[in-house]
Each structure stands twice: as C-alpha cells, then as structure tokens.
C-alpha cells in the first residue's frame with residue numbers, strides 16, 4: 016500500500032531532521048507553487064497532489080497557501096484529513112470550511128508563549144516609559160530634550176484580555192515588575208492557571224486597567240473588539256499593547272484616541288493590514304512599532320516547526336492531533 020502523502024507549503028528552516036523522520040510513515044512533498052492558482056491546479060483531478068494527499072504542513076508565508084479560504088479548502092483533494100498550521104493564530108484558515116469537510120486543524124500553542132510574552136513586556140515597558148520618543152530624539156541629536164517624565168510599571172494595573180498561554184506568560188513577567196494583574200476570558204481559569212490573577216468582566220477590565228494588553232485570537236467575535244466605544248470607557252492616559260492580531264483593534268479609532276490623549280501610548284507588534292501601517296500610527300511619537308516580531312527567534316521558530324511535525328506524526332499514527340483547534344476538536348472527539 017502506498018504511503019500517505021504529506022505536503023509542506025512554505026519553507027522549513029530548522030526542523031529538518033524531524034521532518035525527514037516522517038519519511039518512514041509518509042511520502043514527503045515540498046510545494047514550490049508561485050501562486051494559489053498554480054497550487055489549486057495541482058489539487059485538481061490528474062494534478063500532482065490529487066492522489067493520496069492526507070496532511071498539509073501549513074505556513075502563512077507562502078503566496079500559494081498562505082490564506083486557506085473556503086475556495087481553497089473546497090478545492091483540496093477529498094483525501095486531505097489534516098492541516099497542521101505553523102503558528103498559534105490561525106485566522107488565515109477557514110476552520111469552519113475545514114470542519115464541514117471533516118478536516119482536523121492544529122496549531123502551535125505553547126511554542127510561541129515565551130517569545131511573544133517577552134515582546135509584549137518590552138512594549139509595555141517602552142510605552143510606559145515613553146522610550147519611543149527618547150529613541151527618536153537620540154538619533155536626531157536632541158538627547159532627551161522635550162522628553163516628558165514617564166511612568167514606572169510598579170503598582171500599575173495590567174489588564175490582560177485573553178489569558179491563554181501567552182497571557183499567562185505575560186502575567187509572570189509583569190509581576191516581576193510589581194504590576195497588579197487582572198484578566199478577562201470567555202470564562203474564568205482554574206485557580207491553578209490563574210495563579211492569583213483576578214478575573215473581571217470585559218466592561219470592568221476596560222474601565223479599570225492602567226495598561227491593557229490584547230492577547231486574544233482574531234475571529235468574528237473579536238474583530239474590532241477595541242473600538243471607539245470601548246476607548247471612551249477607558250481611563251484617561253491608558254496604555255494599549257497588542258501582540259495578538261492587528262484587527263482586534265479598530266486602528267482608525269486608536270489613532271483618534273491617541274490624538275485626544277485618551278490613550279497615552281501604544282505598543283504594537285501587529286496591524287490590521289500588515290505590512291501596511293496606518294499613517295496616523297507611523298507619525299505618532301507615542302506609539303512603539305515592531306514589524307510582527309513576537310515569535311521572531313530561533314528558539315521559538317524551532318519549537319513551532321517541531322510541534323507542527325509532531326501534530327502530523329500523531330495524526331498519521333493515531334488519527335488524532337496533539338493541539339487541535341477548538342473549532343475542529345469535535346471531529347477528533349468522535350474518533
């Protein structure tokens with residue numbers, strides 16, 4: 016019997032031994048399509064990948080399969096049962112379309128927690144201390160002229176919206192700076208996972224946080240969850256940081272809130288239409304900007320690749336994935 020085929024879309028950088036080790040249980044394919052149309056043609060009857068393709072190693076940095084919308088999912092061969100995504104966020108995959116076709120989707124939670132939380136803490140400290148303006152002054156030969164006094168993190172209330180692995184890792188770091196941590200999730204965590212953080216409602220976290228950190232996934236319920244109305248309910252001079260997905264914030268509303276002083280400073284690693292950035296954010300000295308560097312470390316990327324491969328190995332050998340997404344988990348539970 017022919018081995019099941021596994022397709023790598025995008026580039027593998029670090030975990031070559033782990034990838035190659037799959038060759039004992041699967042035929043490994045590496046796609047080099049230059050466009051979505053080219054890859055879809057390979058999925059069609061008679062195409063290169065039509066027969067016996069069972070699993071896909073998905074990366075979002077490829078022009079052919081970066082966005083797996085319903086059209087893409089529906090065009091995949093009927094043999095595809097597993098998509099193992101390289102990343103914690105998976106909003107570029109239509110998981111509802113996958114679920115409708117009986118396709119399990121996995122992601123890489125845990126692998127990204129430390130690197131993203133480190134980035135988040137950097138943005139919090141930079142925004143509180145007003146470091147962006149100071150850095151600009153220094154490069155312009157102005158030393159610290161005109162740089163206003165800023166704020167210490169000690170005693171500030173940090174509100175974490177989305178207390179998953181990254182949120183919990185951020186909590187640990189923030190407590191090292193003597194910040195008080197509260198959080199909001201769809202439901203409270205167990206006492207063990209919350210580890211002393213206070214659970215509050217969405218309205219309370221918006222109204223009472225000195226620093227608001229966004230660590231929630233992007234979906235139809237969270238898109239623009241931070242908007243003109245929510246900004247109006249925040250403390251004057253609040254700090255906003257976002258290392259999740261850009262579109263959880265209405266960027267136009269954020270630009271207005273920064274201009275009015277409602278938001279004192281912001282620290283952003285992600286953007287609504289990246290790599291395009293709202294000109295109002297680029298022009299504002301009170302915004303620290305990073306080009307989506309949350310997981311941009313050797314260690315984090317290596318762990319992510321290995322987890323993708325581990326999910327594929329588990330799928331092929333057991334029919335179940337290790338870190339299946341909530342939207343497709345019901346399929347696995349029925350196996």
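In this note's numbering, the protein residues as written are 16 to 350. The C-beta atom is built at its ideal place from N, Cα and C for all residues, glycine as well.
What first and last residue would you give for the alpha helix (DSSP H) that runs through residue i?
i	result
residue 323	313-333
residue 222	217-223
residue 346	344-348
residue 292	Unbroken run through residue 292: none, as it is neither H nor E.
residue 108	First-last for residue 108: undefined, no H or E at that position.
residue 187	180-190
residue 136	128-144
residue 53	51-58
residue 33	31-36
Check whether the Cβ atoms of residue i and residue j lie closer than 8 Å to each other.
i	j	result
residue 12	residue 231	Because the chain here runs from 16 to 350, residue 12 falls outside it and cannot be looked at.
residue 139	residue 226	yes
residue 304	residue 292	yes
residue 170	residue 133	no
residue 19	residue 331	yes
residue 233	residue 241	no
residue 337	residue 39	no
residue 135	residue 68	no
residue 361	residue 79	As shown, the chain starts at 16 and ends at 350. That puts residue 361 outside it, with no answer to give.
residue 197	residue 216	no
residue 248	residue 268	no
residue 271	residue 148	no
residue 29	residue 320	yes
residue 280	residue 302	yes
residue 150	residue 165	no
residue 289	residue 261	yes
residue 210	residue 203	no
Which one or two residues does DSSP pair with residue i in a beta bridge?
i	result
residue 213	197
residue 97	70 and 119
residue 282	256 and 303
residue 241	264
residue 339	121
residue 83	108
If you draw a straight line from the C-alpha of residue i to the C-alpha of residue j, how long is it?
i	j	result
residue 76	residue 256	24 Å
residue 131	residue 178	13 Å
residue 141	residue 313	23 Å
residue 119	residue 284	29 Å
residue 265	residue 340	26 Å
residue 176	residue 222	13 Å
residue 24	residue 126	20 Å
residue 329	residue 335	6 Å
residue 71	residue 57	14 Å
residue 219	residue 213	11 Å
residue 310	residue 286	15 Å
residue 153	residue 47	45 Å
residue 191	residue 239	31 Å
residue 81	residue 31	21 Å
residue 200	residue 51	36 Å
residue 342	residue 235	13 Å
If you follow the beta strand (DSSP E) that residue i is in, where does it begin and where does it stop?
i	result
residue 44	42-46
residue 175	172-176
residue 24	20-24
residue 228	226-229
Can you tell me whether residue i sits near the ligand HEM, meaning its C-beta is under 7 Å from at least one heavy atom of the ligand?
i	result
residue 284	Looking for the ligand HEM in the displayed structure turns up nothing, as the structure carries no ligands at all.
Query raised in the report: Does the region 320-335 touch the region 91-104, meaning 3 or more C-beta pairs lie closer than 8 Å?
Result: yes
Report task. Would you check if there are 3 or more beta carbon pairs closer than 8 Å linking the region 158-176 to the region 329-347? Result -> no
Requested in this report: Would you check if the region 79-96 and the region 104-116 touch, i.e. whether three or more CB-CB distances between them fall below 8 Å?
Outcome: Taking 8 Å as the limit for Cβ pairs, the verdict is that the region 79-96 does touch the region 104-116.
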